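Asks: Here it is, the structure in full.
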Amino acid sequence: MSNTDLTPTELDQRIADIEENLRTLVEQAAAYSGGNDEERASDRIAEQQAELDALKAQRGPSN
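To convert, note that position 10 of the sequence shown is 19 in my numbering; the numbers rise steadily by one, no gaps.
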């Protein structure tokens with residue numbers, strides 16, 4: 010199932026899941042030391058944020 014096939018409830022749950030992932034990734038990134046770890050964390054955060062933005066755009070302006 011692609012993100013465009015999600016019901017409104019599934020879409021809201023996916024958004025909540027990604028928001029939690031982002032919180033966890035930010036906490037982990039704060040604990041990392043070293044260039045490679047920080048770069049991977051930054052890439053993962055950017056990836057999750059892009060997915061979150063796309064899901065919120067799909068959900069529409071009402072929420």
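Ideal Cβ placement from N, Cα and C applies to all residues, glycine included. On a predicted model such as this, the values are computed, not experimentally measured, just so you know.
1) Quick check on GLY44: does DSSP put it in helix, strand or coil?
2) Inspect the beta-carbon positions of ALA50 and ALA59 and report whether they are closer than 8 angstroms.
3) Go ahead and pull the three-state DSSP assignment for THR16.
4) Suppose you measure from the CA of LYS65 to the CA of ALA25; what does that come to, to the nearest Å?
5) What residues in its chain sit with their C-beta under 8 angstroms from that of ARG68, if we drop five residues either side in the sequence?
Replies: Let me lay it out:
1) helix
2) no
3) coil
4) 11 angstroms
5) PRO17, LEU20, ASP21 and ILE24
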